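With the working numbering applied, the sequence shown covers 8 to 71.
Remarks on the structure that follows.
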Amino acid sequence: MLFSLNRLLWQWLCLGLLLTLLFPAARASSELIGPLNFWLLGAPLASLAVFHRHALAPARRRAA
């Protein structure tokens, strides 16, 4: 389950990066959901950071 979430987040981030680079409208802001850059790049990047932090936490505890 967790590894499929990791893969989904990476795919979301890559797709968001491509959309942001190829379509200028993807850099705009929507009244309904807010800034699209956040949802295309910021949210998956922050989620990946939290995911990897929790995945590495047991290893850090053992090393300390």
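In this text, a Cβ means the ideal position worked out from N, Cα and C, and glycines have one as well.
Here the structure is a predicted model, which means the values were calculated and not measured.
DSSP places Phe58 in the uninterrupted alpha helix (DSSP H) bounded by Ala50 to Ala70. Between the beta-carbon of Thr27 and that of Ala33 there is about 5 Å, and that keeps the pair under the 8 Å contact cut.
Between the beta-carbon of Leu20 and that of Pro51 there is about 4 Å, and that keeps the pair under the 8 Å contact cut. The alpha-carbon of Asn44 is positioned some 38 Å away from that of Arg69.
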